[in-house]
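In my numbering, the protein residues as written are 165 to 647.
One structure below.
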């Protein structure tokens, strides 16, 4: 076989594995021998120095990675088309070699000159089974010495491989906090320098990783994770300032508003059902004191909200509340109705037994005002009926017949529930209210107002401002009658 060719066989692969195993065993023996010779004081000093070096290495690695990314981006930005094509061809050759799964020895013969990464520094981190590393596996002798633990190393061996691999079980709380602070600082620095695309890619990868992790976790693991998350949230919120709390609440409101604006009906029902389940579970575990505190907080929040709401907001709230109550009572059965009535009676009895004399007098005054309003409304309706009867008593037979015909036509139109277009076509002469003054206040969806929208010309003139008006336009619409 020519000298320029290397053949990878099963024997060579086995020899390479043996060499790797022997190297690891030798490194472990060296570390064990060095540890047995040191005293307790030396061991503590060595571990403390190793932890400090470990944190320094983390910072150096983060800075190096950031600088390396920037350097690579700058270098690739200056590449010509030929250099970019050469890099693509090199990547293609590497992929072709990695995809070789056959055990045929003839198919694993390559020219050494066509494999430039074999002699390149760092190629040990890109191991390939198709390359005969045993034939070119000279990595030198143990010529270097660690400056901290005096262990002998190979040339090019990374710093910290001999004495910085201490377990985290032996670190104290101060060292752990220092390590976590360093990691948080490095993460913040790294994320402040990332682009928008890198930010979105990182978030997408995190979401996928979290989804896979949560899909495979058990009930105990989930409860442990949620408990730890709640503790971290409580600690973070207890330390935040007033401005930070307001900013967080505002951001939460905006995010919730955007999420709820885009959710479907099914997603909304699922969210509300899950929310009700969580609330029921939380309230079933709360103590009497916690329940009283929650109710007191709810009463204060409701009082503040209702004190600041406008008349329109109050009417909308009461209308929505009445609608919910009506719907809820319309679907309840007899047993649920009896339960609700019994619960209401108990609540009212308890509330009245605890109220003071001033509260009792205020409640009785409010009830009296309510009955007075009901009486006023009943009186108003009675007077209105009498007034209408008096007006209709003065009508002539023609006016009464016209009103009866108009009511009949209106009932006929309102009772049309079909969507057939043929059934909504009427003779214009049979709908006298279309061209009648005031018909705009009696809108009906079955009438094609657009086809008969002629309201006349601007023939009238205001006596005060000389503005032109339509016939029948109320006085004062143009200039408030000269005021």
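Backbone N, C-alpha and C fix where the C-beta goes; we use that ideal spot for every residue, glycine too.
No experiment lies behind these values; they were computed from the predicted model shown.
- request: Please classify residue 549: is it buried, with 16 or more other beta-carbons within 10 angstroms of its beta-carbon, or exposed?
  value: Around the CB of residue 549, fewer than 16 other CB atoms lie within 10 Å, so the residue is classed as exposed.
- prompt: Would you call the region 219-228 and the region 341-356 in contact, with 3 or more CB pairs under 8 Å?
  reply: yes
query: Using the beta-carbon count (16 or more within 10 Å), is residue 478 buried or exposed?
result: exposed
query: Would you report the Cα separation of residue 424 and residue 485, rounded to the nearest angstrom?
result: 21 Å
message: With H, G and I counted as helix, E and B as strand and the rest as coil, what does DSSP make of residue 376?
response: helix
field: CB-CB length for residue 354 against residue 226, believed under 8 Å
entry: 6 Å
- request: Assign residue 581 to buried or exposed, taking buried as 16 or more other Cβ atoms, counted over all protein chains shown, within 10 Å of its Cβ.
  value: Because residue 581 sits at a pLDDT of 44, beneath the cut-off of 50, its placement in the model cannot be relied upon, and the following sentence gives the value as read from the coordinates. Around the Cβ of residue 581, a 10 Å sphere holds fewer than 16 other Cβ atoms; the residue is exposed.
message: Taking 8 Å as the cut-off, is the C-beta of residue 232 nearer than that to any heavy atom in the ligand MG?
response: Of the ligands one can find in the structure shown there are none, so the ligand MG has no counterpart to examine.
- request: Mark residue 644 as exposed unless 16 or more other C-beta atoms lie within 10 angstroms of its C-beta, in which case mark it buried.
  value: exposed
message: Rounding to the nearest angstrom, what Cα-Cα distance links residue 229 and residue 236 in this structure?
response: Their Cα atoms are separated by approximately 10 Å.
task: Return the CA-CA distance between residue 358 and residue 352, expressed in angstroms with no decimal places.
output: Going from the Cα of residue 358 to the Cα of residue 352 covers about 10 Å.
- prompt: Three-state secondary structure (DSSP) at residue 635?
  reply: coil
message: Once the 5 residues before and after residue 496 are set aside, which same chain residues still bring their CB inside 8 Å of it?
response: So the list reads 504, once near-sequence residues are dropped.
- prompt: What are the boundary residues of the alpha helix (DSSP H) that residue 479 is part of?
  reply: 475-494
- prompt: Which residues bound the alpha helix (DSSP H) around residue 547?
  reply: 521-557
query: At what residue ranges does the region 368-442 contain a whole run of the beta strand (DSSP E), taking only runs of 3 or more?
result: none
- request: Just the C-alpha distance for residue 375 and residue 369, rounded to the nearest angstrom, thanks.
  value: 10 Å
message: If the criterion is Cβ atoms closer than 9 Å, does the pair residue 409 and residue 396 meet it?
response: no
message: Between 335, 531, 642, which has its C-alpha nearest residue 218's C-alpha?
response: 335
message: Rounded to the nearest angstrom, what separates residue 205 and residue 211 at their Cα positions?
response: Distance between the alpha carbons of residue 205 and residue 211: 10 Å.
query: Short check: CB of residue 215 to CB of residue 339, under 9 Å?
result: yes
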